[in-house]
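Scroll down for the structure; my scribbles are underneath it.
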Ligand code: NAP
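Numbering (the working numbering), first residue to last: 78 to 325.
The structure is reproduced here in structure tokens:
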């Protein structure tokens, strides 16, 4: 199926690497003008430059998504430049794993703010023009552990489960304005985030994945791009697990 995008403008957080990079590149390939956000200017800059070199439209912006004031300022500048950001993909995320008794408040707070507060900030600051335009797509990249929990990741699981509740609440708030809000829950995807896992542990995980392979960033990008397209206009408030069948 060819997806329709009608020259939309998208903002993808965490677009400097991994899943966010794959999402940004796929949207750009479909004619979307993509604002690539990451923490470091180098990583989002390289992705935006790659998109432009391939004939697409992109811009890069280094913003700490956990910093509400920085997101407010970036959003105001972008809305002044583009009028509306039609598609928002909240993908930036971090992990700081540890068993609860050893988890510091800093590790709790930084994981909650980077993964969850960021969704609140970007959605709050970018959604109003979508409501006026009566069109919008919001996709939040959560995780299967937000559905099932995982020992050693209380902070990350809480943030990812929070993103699911946020996605559903926003879906109800914005439905009358023709804005959809959905979540994608990846399983185990090969990116920098998971690269430190020893080969033996990766083998054990693969053994419990019915499709018998780890996921690629492209697997998540494909689902996300669909949810951002015109064709997905009747889907909202849902969580789509993309995990090779791990969680059923
Ligand atoms: P990744 O390779 O570690 O890339 C993370 C991206 O997020 C980077 O571009 C990074 O910016 C950006 N980022 C992190 N903190 C930020 C901040 N405070 N402000 C702005 N940007 C920030 O991660 P990934 O594996 O692609 O994961 C992407 C999303 O999928 C995350 O939300 C993650 O929780 C979720 N997920 C991943 C997996 C998996 O197996 N990989 C599974 C389930 C869910 P820099 O490039 O500047 O560092």
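Ideal placement from N, C-alpha and C gives every residue a C-beta, glycine not left out.
Nearest to residue 129 by C-alpha distance, out of 108, 141, 148 and 145, is 108. Under DSSP, residue 162 shares a beta bridge with no residue.
The distance from the Cβ of residue 216 to that of residue 304 is about 5 Å, consistent with a contact at the 8 Å cut-off.
For residue 136, the enclosing beta strand (DSSP E) begins and ends at 135-139. Distances between the C-beta of residue 270 and the heavy atoms of the ligand NAP include at least one below 7 Å. Going by C-alpha positions, residue 86 is about 15 Å away from residue 97. Membership of residue 257 in the beta strand (DSSP E) is indicated by the continuous run 256-263.
Remark: fewer than three beta-carbon pairs, one from each stretch, lie closer than 8 Å, so the segment 267-277 and the segment 300-319 are not flagged as touching. When distances are taken from the beta-carbon of residue 206 to the heavy atoms of the ligand NAP, even the shortest one reaches 7 Å or more. Distances from the alpha-carbon of residue 115 to those of 169, 156 and 221 put 169 closest. For residue 129, the enclosing alpha helix (DSSP H) begins and ends at 118-130. Distances taken from the Cβ of residue 173 to the heavy atoms of the ligand NAP include none shorter than 7 Å.
In this structure, 84 is the residue among 84, 119 and 118 with its C-alpha nearest to the C-alpha of residue 106. Annotation for residue 116 indicates a beta carbon within 7 Å of some heavy atom of the ligand NAP. In this structure, residue 143 has its beta carbon less than 7 Å from a heavy atom of the ligand NAP. Residue 81 is classed as exposed because its beta carbon has fewer than 16 other beta carbons within 10 Å across all chains shown.
Judged by DSSP secondary structure, residue 187 falls within the alpha helix (DSSP H) whose first and last residues are 182-189.
Taking the Cβ atoms as the reference, residue 219 lies roughly 14 Å from residue 248, outside the contact range of under 8 Å. Along the length of the segment 227-313, whole beta strand (DSSP E) runs at least 3 residues long occupy 256-263, reported in chain order.
Residue 275 has its Cβ no nearer than 7 Å to any heavy atom of the ligand NAP. In the structure shown, the three-state DSSP call for residue 317 is strand. Each of 232, 274 and 289 was checked against the Cα of residue 179, and the nearest Cα belongs to 232.
Taking 8 Å as the upper bound for CB-CB distance, residue 167 and residue 195 are in contact here, some 6 Å apart.
In this chain, the beta strand (DSSP E) harbouring residue 90 covers 86-90.
Comparing alpha-carbon positions, the option among 191, 276 and 264 lying closest to residue 147 turns out to be 191. In the displayed model, residue 205 falls within a helix according to three-state DSSP.
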